[in-house]
Amino acid sequence: MNHNLPILVLTFPLLAAFAVNLLGKISKKHVAPWTLASLAMSSVASFFVLVDVLENGTFTYTVGGWLPPYGVQLVLDPLSALMLVLVSWVALIATFSALPSIKKEMPGREHLFFSLYLILICGMMGLVITGDAFNLYVLLEITSITTYGLIAMGRGRAPLSSFNYIVMGTVGACFYLLGVGYLYLITGTLNMADIARLLPPFYESPTAATAFCFLMVGLWIKMAFFPLHGWLPNAYTHAPAGASVLIAPLMTKVTVYLMIRIIFSVFSPYYAFLAHSQIQTLIVWAAVIAIISASLIALSQRNLVKMLTYVVIAEVGYMVGGVWLGNIHGLTGAIFHIVNDALMTLCFFLVSSAILYRLGSARFEDLHQLFRKMPLTLGVLVVGALSVVGVPPTCGFFSKWYLLLGGIEAGHYGFVAALIFSSLVNAVLFFRVLEIAFSSGKGVEPHGAGIAGRAEAPPLMIPSLLIVAFVLLAIGINAGSFLSHVIRVAVPSL
Amino acid sequence: MDGWLADLVAKYNYWIYVVLMMIGFYAMIRKNNLVKKLIGMNIFQTAIILFFISTGAKKGGGIPIVDKEQALAGAVQAADIVNPLPHVLMLTAIVVSVSVTGVALATMLKIYKEYGSIDEDQILERVKSDEP
């Protein structure tokens, strides 16, 4: 195979970011083709990388010929290749929706938005394949800084929400950096594989424990693990619709993946799960509290987008809990759920940005009679809702099933109860939205022509809505072969 | 008491890093003025830079610029020069912190245009009065 393929996946969006910025100044017509073409090329390339990794096993790419442990290494194992495919395909599908909504929301500034957008995608791709702990920090900040910018481009409260995110995000990144510093103190290297090789003699030392705590807390802030989630709901609600459709599905999931990377590739499952088993139980309980509280807060929301952000936070609890159960079923469920949750969140935010495009608001009182107006969009929402509740044959059922199995195997019934409770709450949440969309609203006079006429999502958004609904069902129906051919291979050995 | 004091003096740079970090934390949590919050954030980042630089320091260590011939002949002892790697890492961290500060200041300008204030209490009041 062509050994430059992994770096090419990153290069397309990076170069396109500059092209979009420069050519977009001349004419806005250049923005859409460059963005879509570069993402399509990296999606195809990432697919070939995954196929190659699944066939021939893990390989490493040495950037610029600087040999490890001094140079930066890209590690392509089945898990990171899977994440690479997930990031590039979700980004491609999200772009179809971002293009029309940004054209409407900030006319004349599309080229600025999409150059940041492409750099963000490039940063996330780098995050999932890098094999160097310090490089990971730099990429974490590249994705965060572009995210701050994208969110602050929104109107009204967006800059304020972005500022809160900047403060919280920087604390998270600094904690991560401190963790890397402590690891460097005892091992003298920054390459993940090299750290993993040199670290075992120091497992008893408090320095290693300090490093581990700082790394975990830093990443938890970045992934909005309850109660460190304060920045997320406002940031994702007030961001431009075209930004949250990319950020919400990917950022939190990529960070969960990074947590798995740190536990399995830098430390070891023995260190994380067995050496401190009380702490392991404590973290699963934290996940239980996260799932229950976020679900309850979601119930009290009166705005579709804000409700969805709390669903995202609850799902982060699923994945953190699943990983920290420390058994093979929980881990399989968590990794499968990373894929499913990225697709479900993508589905929800595609729907909400289509609604925002047509109505300009996603508050519940504005959604009355929406089924007449946008039947297709809401049909897709139904598929997503079934998946997040966990109704077979949608894909959400299968990952939740594995998480439940993991909880039962670990004897952690609190986690099992929280999963079931959250599924019920999700059913209530989405049933309520659909009920509002069907009803005509009490005492609200129909707005005449606005409601009678059908006004479906703009033409560019429709294929992305249909694709994501199809993928949710396709993964669910083929869950058996998808699990055995991709997910099980990707799960790191315990 | 003696041991405790000796510990403190021997590792004073690490204690300063912790104290700086806490000052930054305090400013980020407690101050209402957004500029002061941002300054707190910068102090926080600077504390981490101090930590990294401390790890590279050596007693009596020289600058890490060595003669190539000597180095290849093995005449240069690693103990004689300070570790340059943390410095290089911190150059990157400084770049990151400058960019974050830049983005934060630009965001703050937008906040000021929107609400006419950079005081958190006043902004929150405006937000509440804007929403029905």
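As given, the protein sequences belong to chains A and B, one line each in that order.
Under the numbering used here, the residues of the first sequence are numbered 4 to 497, in order.
Under the numbering used here, the residues of the second sequence are numbered 339 to 470, in order.
For glycine and all other residues, C-beta sits at the position ideal for the given N, C-alpha and C.
Local Cβ density within 10 Å of residue i, reported as buried at 16 or more and exposed below that
{"i": "D459/B", "result": "exposed"}
{"i": "E368/A", "result": "exposed"}
{"i": "G325/A", "result": "buried"}
{"i": "I367/B", "result": "exposed"}
{"i": "D135/A", "result": "buried"}
{"i": "Y151/A", "result": "buried"}
{"i": "K106/A", "result": "buried"}
{"i": "Y405/A", "result": "buried"}
{"i": "L277/A", "result": "exposed"}
{"i": "W342/B", "result": "exposed"}
{"i": "E113/A", "result": "buried"}
{"i": "I401/B", "result": "exposed"}
{"i": "K204/A", "result": "The question names Lys, but residue 204/A is Pro in the sequence shown. Flag for P204/A reads exposed."}
{"i": "V433/B", "result": "exposed"}
{"i": "K375/B", "result": "buried"}
Cβ shell of residue i (< 6 Å), same chain only, five flanking positions each side left out
{"i": "I265/A", "result": "L218"}
{"i": "P272/A", "result": "L497"}
{"i": "I145/A", "result": "G126"}
{"i": "F441/A", "result": "F374"}
{"i": "V404/B", "result": "V414"}
{"i": "Y274/A", "result": "Y206"}
{"i": "L139/A", "result": "T133"}
{"i": "N370/B", "result": "D457, E458, D459"}
{"i": "R361/A", "result": "A458"}
{"i": "V386/A", "result": "A472, L475"}
{"i": "W234/A", "result": "N167, Y168, M171"}
{"i": "V141/A", "result": "none"}
{"i": "H33/A", "result": "L26, G27"}
Residue i versus residue j: straight-line alpha-carbon distance, rounded
{"i": "Q372/A", "j": "V354/A", "result": "16 Å"}
{"i": "V269/A", "j": "I198/A", "result": "6 Å"}
{"i": "I490/A", "j": "Y352/B", "result": "44 Å"}
{"i": "I454/A", "j": "S443/A", "result": "Reliability fails at I454/A, whose pLDDT of 49 lies under 50, so the model's placement of it is uncertain and no value is given."}
{"i": "A281/B", "j": "V174/A", "result": "A query on residue 281/B cannot be resolved here, the shown segment of chain B reaching from 339 to 470 and no further."}
{"i": "L115/A", "j": "V347/B", "result": "52 Å"}
{"i": "E503/A", "j": "A493/A", "result": "In the structure as shown, chain A starts at 4 and stops at 497, and residue 503/A therefore has no counterpart that could be examined."}
{"i": "L349/A", "j": "Q304/A", "result": "20 Å"}
{"i": "G68/A", "j": "T14/A", "result": "17 Å"}
{"i": "A452/A", "j": "M128/A", "result": "The predicted model places A452/A with a pLDDT of 43, which falls under 50 and marks its position as unreliable, so this point remains unresolved."}
{"i": "E459/A", "j": "T98/A", "result": "18 Å"}
{"i": "I300/A", "j": "A317/A", "result": "10 Å"}
{"i": "L427/B", "j": "F137/A", "result": "8 Å"}
{"i": "L469/A", "j": "L475/A", "result": "10 Å"}
{"i": "V12/A", "j": "L307/A", "result": "34 Å"}
{"i": "S435/B", "j": "C177/A", "result": "10 Å"}
{"i": "D468/B", "j": "A365/A", "result": "17 Å"}
{"i": "H6/A", "j": "F390/B", "result": "35 Å"}
{"i": "V373/B", "j": "M109/A", "result": "28 Å"}
Simplified DSSP state of residue i, which is helix, strand or coil
{"i": "Q372/A", "result": "coil"}
{"i": "L77/A", "result": "strand"}
{"i": "G191/A", "result": "coil"}
{"i": "D405/B", "result": "coil"}
{"i": "Y274/A", "result": "helix"}
{"i": "G3/A", "result": "This structure gives no information on residue 3/A, because the portion of chain A shown stretches from 4 to 497."}
{"i": "T146/A", "result": "helix"}
{"i": "E452/B", "result": "helix"}
{"i": "N343/A", "result": "helix"}
{"i": "R435/A", "result": "helix"}
{"i": "R305/A", "result": "coil"}
{"i": "Y64/A", "result": "strand"}
{"i": "G363/A", "result": "coil"}
{"i": "G233/A", "result": "coil"}
{"i": "G409/A", "result": "helix"}
{"i": "N167/A", "result": "helix"}
{"i": "N370/B", "result": "coil"}
{"i": "G412/B", "result": "coil"}
{"i": "G134/A", "result": "coil"}
Cβ neighbours of residue i in the same chain (closer than 7 Å, five flanking residues each side left out)
{"i": "I132/A", "result": "P9, L77, V78, L79, S83, L87"}
{"i": "L89/A", "result": "V342, A345"}
{"i": "G362/B", "result": "G378, M379, I381, F382, A385"}
{"i": "F400/A", "result": "G393, V394, G479"}
{"i": "I439/A", "result": "F367, L370, H371"}
{"i": "T255/A", "result": "M226, A227, V315, V319"}
Same chain, Cβ closer than 8 Å to residue i, neighbours up to 5 away in sequence not counted
{"i": "I250/A", "result": "L123, T150, L153, I154, Y239, A242"}
Q.
Taking 8 Å as the cut-off, does the region 468 to 481 of chain A touch the region 386 to 395 of chain A (at least 3 CB pairs, one atom from each stretch)?
A. By the C-beta criterion, the region 386 to 395 of chain A is judged to be in contact with the region 468 to 481 of chain A, since at least 3 inter-stretch pairs fall below 8 Å.
Sufficient close CB pairs (3 or more, under 8 Å) joining the region 245 to 253 of chain A to the region 209 to 225 of chain A: Result no; under three Cβ-Cβ pairs closer than 8 Å.
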